[in-house]
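Asks:
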Amino acid sequence: MNVALDRMVRFLPEDRIPNAYSPLQDRYPNANVDVPLRELIQLAAGQSDNGAEETLLRIIGGPAIVQSYIRSLGINAFQLIDSEHDLDRDESLQYRDWIEPATAVELLQRLVHNPPISPAANAFLVQTLTASVTGPNRLRAGLPPGTPLAHKTGSSGTHGGITAATNDMGLITLPDGRKLAIAVLVTDSRADEATREGVIARIARAAYDEAITTK
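By this note's numbering, the letter at position 207 of the sequence shown is numbered 200, and the numbering carries on one by one without gaps.
1. Taking the alpha carbon of R133 as the point to measure from, which residue in Y201, N43, R82, T151 has its own alpha carbon closest?
2. Counting only the same chain and skipping the five closest in sequence on each side, list residues whose C-beta sits under 6 Å from that of A24.
3. Could you tell me whether any Cβ in chain C is nearer than 8 Å to the Cβ of L101?
4. On a CA-only basis, which of L30, S61, Y62 is nearest E47? Give me that one, please.
5. Just to confirm the assignment: which complete beta strand (DSSP E) runs, minimum length 3, are found wholly within the region -2 to 58?
6. Excluding five sequence neighbours on each side, which residues of the same chain lie with their C-beta closer than 7 Å to the C-beta of D181?
7. Let's see if you can read the secondary structure: which residues bound the alpha helix (DSSP H) around N160?
8. So what's I206 in DSSP terms, helix, strand or just coil?
9. Using a 10 Å radius around the Cβ and a threshold of 16 neighbouring Cβ atoms, would you call A124 buried or exposed?
10. Using three-state DSSP, classify A194 as helix, strand or coil.
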């Protein structure tokens, strides 16, 4: 048993985000309940639950703490300024929070080669990302059926015909056991959802095909 992951965390009323996607706040509309840390991580990382994400960000200490931690890993092409509540109030703020694709790949590779967290926590995170069923038409759709994929999607709303973000990043397990890190970030697109997701799927397949022929 991992004691840290079994720690109980209070889901507070101020963690709720009106009209946001959140199975957590759908289950506990009044909040003020204790939830295991492992469940919050599974909801946030595995289901893109905005209420769980806000709760985790609060107990960590806010965006500045995350920013400082990522920089301490020697990773600079990353910026986090706003919370989920900030983005709910003003979606245009999302442009202040960003990561370069190469940096996203670097972070994924760290999970394989040099995890910055304990082995147990790292295994739990990868397991959670592997169990995620979000974005079935993105990276996963481009891979051969049954290919293991540990991934995290990211999505924005569409305003004025422009979708700010349609993202997917993850670790693909190749037939020989090697891990392929990939990040595809589609930004400010006027294309419809099927086209945006189809591009991500095709890039995933191209990367997979290239990787299995390269040793």
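Just so it is clear, CB atoms sit at the ideal spot from N, CA and C, and this is done for glycine as well.
Replies: Taking the definition as stated:
1. For the residues Y201, N43, R82, T151, the minimum Cα distance to R133 belongs to Y201.
2. The residues are F4, L5, P6, R9.
3. The displayed structure is made up of one protein chain only, and chain C is not part of it.
4. Nearest of L30, S61, Y62 to E47, Cα basis: L30.
5. The qualifying runs are 1 to 4, 26 to 29.
6. Around D181: I155, A157.
7. That residue, N160, is in no alpha helix (DSSP H); its beta strand (DSSP E) goes 155 to 166.
8. Checking the sequence shown, residue 206 turns out to be Thr, not Ile. Reduced to three states, the DSSP call for T206 is coil.
9. By the neighbour-count rule (16 or more Cβ atoms within 10 Å), A124 is not buried but exposed.
10. Helix.
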